[in-house]
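J.: Residue numbers (full-length UniProt numbering): 1 to 315.
We put the CB at the ideal spot given by N, CA and C, even for glycine.
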Ligand SMILES: Nc1ncnc2c1ncn2[C@@H]1O[C@H](COP(=O)(O)OP(=O)(O)OP(=O)(O)O)[C@@H](O)[C@H]1O
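Structure below.
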């Protein structure tokens, strides 16, 4: 028995010539919430499908809950919960019927499943809506039903593919509270997202782009080891400041945020504020330039500047 829920080495998936998941190494500890952060098309869903055994790897080794994939995929399925991006329950079945159906799929004995369904209906606030057709529920209610169904059989590992993309901020917050409760009870959770605030809630995180892993660690570690200074420049005409400083090789990126320009400067510059003022004294005159703590978005920008071969995308 290891302390890892998922261990992948060189995990790769090709579709024809296209490499959707490229040589991915993952070590995901049990009883943690681990995130995949990345833009559309970076390979999050494909990786999740590989980890559930629904898709066969083109190369690499994967162990999930100490079982080998794809060899043990069938047995593993009963120990996993998987919530896909699209609502995958039946619109024309009621809330309760959907849960009963899921209980049958997971071979739950009728006597215990009745009790478990009642428990889920109450825990996920669906008791009053048990006879409503799933198709008539709101986005937040559908999402709660989907999570109730995915956790009905008390899986050890829960994989959630962009679970909050169709819900409002309040439901998203409640949803995350539920995830922390499940984690506290011993469930390992793997969740994909493109929201920075959600990624920041994870214990560990892999930043993916174009099928490659660009960084991993806790959000705190990622921010501490980003390899760049972050400056905020204020004042008028920030567009002009941006266009002027951006071509400098030691400027890694610039982005306007309200009344500030956020500037990422190469870490080897010893005194970045002073350096920026000296390189463009005219345009910096009368502005405040101050160094601030990196955010996860800065980390994301910094580690996705290059493509999988290490080429700088800006050039
Ligand atoms: N069955 C398939 N055949 C061919 N290409 C595929 C297949 N499945 C996925 N891809 C491609 O692999 C890449 C990664 O897709 P994937 O769905 O894993 O990305 P994602 O990060 O989950 O993005 P999104 O958030 O948009 O779902 C995309 O370019 C996609 O078009």
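#1: Output the residues surrounding ligand 1, defined as those with a CB atom closer than 5 Å to any ligand heavy atom, in chain order.
#2: Check the DSSP bridge columns for residue 13 and list the partner residues they point to.
#3: Is the CB-CB distance between residue 343 and residue 303 below 8 Å?
#4: Per the DSSP calculation, residue 268 is bridged to which residue(s)?
#5: Skipping 5 residues on each side, what residues in its chain have a beta carbon closer than 6 Å to that of residue 55?
#6: Is the beta carbon of residue 8 sitting closer than 8 Å to the one on residue 29?
#7: Less than 8 Å between C-beta atoms, sequence neighbours within five positions excluded: which residues of the same chain meet that for residue 240?
#8: Using the rule of at least 16 other Cβ atoms within 10 Å of the residue's Cβ for burial, across every protein chain shown, is residue 78 buried or exposed?
#9: Determine the direct distance from the alpha carbon of residue 274 to that of residue 60, and round the result to whole angstroms.
#10: Closer than 6 Å by C-beta to residue 292: which residues in its own chain qualify, once you throw out the five before and the five after it? Chain order, please.
#11: May I ask which residues mark the beginning and end of the alpha helix (DSSP H) holding residue 220?
#12: Just verifying my parser: in three-state terms, what is the DSSP assignment at residue 210?
#13: Using the DSSP secondary-structure output, state which residues sit across from residue 251 in a beta bridge.
#14: Report back the beta-carbon spacing between residue 157 and residue 80 to the nearest angstrom; my notes put them in contact at under 8 Å.
#15: Quick one: what's got a C-beta closer than 8 Å to residue 93's C-beta in the same chain, skipping five residues either side?
#16: For residue 141, count the other beta carbons within 10 Å of its own beta carbon; 16 or more makes it buried, fewer makes it exposed. Which is it?
#17: According to DSSP, is residue 257 part of a helix, a strand, or is it coil?
#18: Taking 7 Å as the limit between beta carbons, can you name the residues of its chain near residue 125, skipping five residues before and five after?
#19: By Cβ distance below 6 Å, which residues in the same chain neighbour residue 213 in space, the five residues on each side in sequence not counted?
#20: Taking 8 Å as the cut-off, decide whether the C-beta atoms of residue 228 and residue 182 are in contact.
#21: Find the nearest neighbour of residue 136 within the set 184, 103 and 87, judged by alpha-carbon distance.
#22: Per DSSP, what kind of secondary structure is residue 188 in: helix, strand or coil?
#23: Can you tell me which of 248, 196, 43 and 186 puts its alpha carbon nearest to the alpha carbon of residue 15?
#24: Considering only C-alpha positions, which residue in the set 146, 162 and 106 is nearest to residue 89?
#25: In this structure, does DSSP put residue 155 in helix, strand or coil?
#26: On the premise that residue 83 lies in contact with residue 150, defined as a C-beta separation below 8 Å, what is that separation, rounded to the nearest angstrom?
#27: Please state the DSSP three-state secondary structure of residue 94.
#28: So if DSSP puts residue 100 in a beta bridge, which residue, or which two residues, is it bridged to?
#29: Terminal residues of the continuous beta strand (DSSP E) containing residue 81?
#30: So the candidates are 64, 131, 72 and 161; which of them puts its Cα closest to the Cα of residue 191?
#31: If you draw a straight line from the alpha carbon of residue 116 to that of residue 202, how long is it in whole angstroms?
#32: Ordered along the chain, which non-local residues of its own chain (more than five positions away) have a Cβ less than 6 Å from that of residue 238?
#33: Given a cut-off of 8 Å, decide if residue 76 and residue 194 are closer than it, judged by their beta-carbon atoms.
T.: With the structure as the only source:
#1: 15, 20, 40, 41, 42, 43, 44, 45 and 46
#2: The count along the chain shown starts at 1 and reaches residue 13 at position 13. According to DSSP, residue 13 bridges with 21.
#3: Only positions 1 to 315 of the chain appear in this structure, which leaves residue 343 out of reach.
#4: Residue mapping note: residue 268 aligns to position 268 of the chain shown, counting from 1. None, per the DSSP bridge assignment.
#5: The residue labelled residue 55 in the question sits at position 55 within the chain shown. Closer than 6 Å at Cβ, skipping near neighbours: 49.
#6: Your numbering for residue 8 matches position 8 in the chain shown. Your numbering for residue 29 matches position 29 in the chain shown. No, they are not a contact pair.
#7: The residue labelled residue 240 in the question sits at position 240 within the chain shown. Answer for residue 240: 283, listed in chain order.
#8: Translated into the one-based positions of the chain shown, residue 78 becomes position 78. It is exposed - the Cβ of residue 78 has fewer than 16 other Cβ atoms within 10 Å.
#9: Along the chain shown, read from residue 1 onward, the residue named residue 60 stands at position 60. Along the chain shown, read from residue 1 onward, the residue named residue 274 stands at position 274. Each residue's Cα considered, the two are about 48 Å apart.
#10: Within the chain shown, residue 292 is the residue found at index 292, counting from 1. Excluding positions up to five away in sequence, the list reads 230 and 232.
#11: Position 220 of the chain shown holds residue 220. Here the alpha helix (DSSP H) through residue 220 covers 219 to 224.
#12: The residue labelled residue 210 in the question sits at position 210 within the chain shown. If DSSP states are grouped into helix, strand and coil, residue 210 belongs with coil.
#13: What you label residue 251 is simply residue 251 of the chain shown in a count that begins at 1. The partner list for residue 251 (beta bridge, DSSP) reads 265.
#14: As a first step, residue 157 is located in the chain shown; it is residue number 157 there, counting from the start. As a first step, residue 80 is located in the chain shown; it is residue number 80 there, counting from the start. Going by Cβ atoms, the distance from residue 157 to residue 80 rounds to 5 Å, so yes, they are a contact pair.
#15: For this step, residue 93 is matched to residue 93 along the chain shown. Counting only Cβ-Cβ distances below 8 Å, and skipping sequence neighbours, we find 101, 133 and 134.
#16: Indexing the chain shown from 1 puts residue 141 at position 141. Residue 141 is buried by the Cβ-count criterion.
#17: The residue you call residue 257 lines up with position 257 of the chain shown. Of the three classes helix, strand and coil, the one that applies to residue 257 here is strand, per DSSP.
#18: On the chain shown, position 125 is the one that residue 125 refers to. Closer than 7 Å at Cβ, skipping near neighbours: 144.
#19: The residue you call residue 213 lines up with position 213 of the chain shown. Cβ neighbours of residue 213 beyond the five flanking positions: 24 and 206.
#20: For the purposes of this step, residue 228 is identified with residue 228 of the chain shown, where counting begins at 1. For the purposes of this step, residue 182 is identified with residue 182 of the chain shown, where counting begins at 1. Result no, Cβ atoms of residue 228 and residue 182 do not sit closer than 8 Å.
#21: Taking the first residue of the chain shown as position 1, residue 136 is located at position 136. For residue 136, the nearest C-alpha among the options comes from 87.
#22: Taking the chain shown and counting its residues from 1, the one referred to as residue 188 is at position 188. Residue 188 falls in the strand class under three-state DSSP.
#23: Against the chain shown, residue 15 aligns to sequence position 15. When only C-alpha atoms are compared, the closest one is 43.
#24: For this step, residue 89 is matched to residue 89 along the chain shown. Comparing Cα-Cα distances from residue 89 to each of 146, 162 and 106, the minimum goes to 146.
#25: Here the question's residue 155 lines up with position 155 in the chain shown. Here residue 155 sits in coil by DSSP.
#26: For the purposes of this step, residue 150 is taken as residue 150 along the chain shown, with counting starting at 1. For the purposes of this step, residue 83 is taken as residue 83 along the chain shown, with counting starting at 1. Indeed, because the Cβ distance is near 5 Å, the residues count as touching under 8 Å.
#27: Position 94 of the chain shown, counted from the start, is the residue given in the question as residue 94. In this structure, residue 94 counts as strand in the three-state DSSP scheme.
#28: The sequence position of residue 100 within the chain shown is 100, counting from 1. Answer is none; residue 100 lacks a bridge partner.
#29: Taking the first residue of the chain shown as 1, we reach residue 81 at position 81. Start and end: 80 to 83.
#30: Within the chain shown, numbered from 1, the residue matching residue 191 stands at position 191. Nearest option by C-alpha distance: 161.
#31: Counting from one through the chain shown, the residue named residue 116 turns up at place 116. Counting from one through the chain shown, the residue named residue 202 turns up at place 202. In a straight line, the C-alpha of residue 116 is about 28 Å away from that of residue 202.
#32: Taking the chain shown and counting its residues from 1, one reaches residue 238 at position 238. The answer, listed in chain order, is 256 and 261.
#33: Position 194 of the chain shown, counted from the first residue, corresponds to residue 194. Position 76 of the chain shown, counted from the first residue, corresponds to residue 76. Cβ distance not < 8 Å, so residue 194 and residue 76 don't count as in contact.
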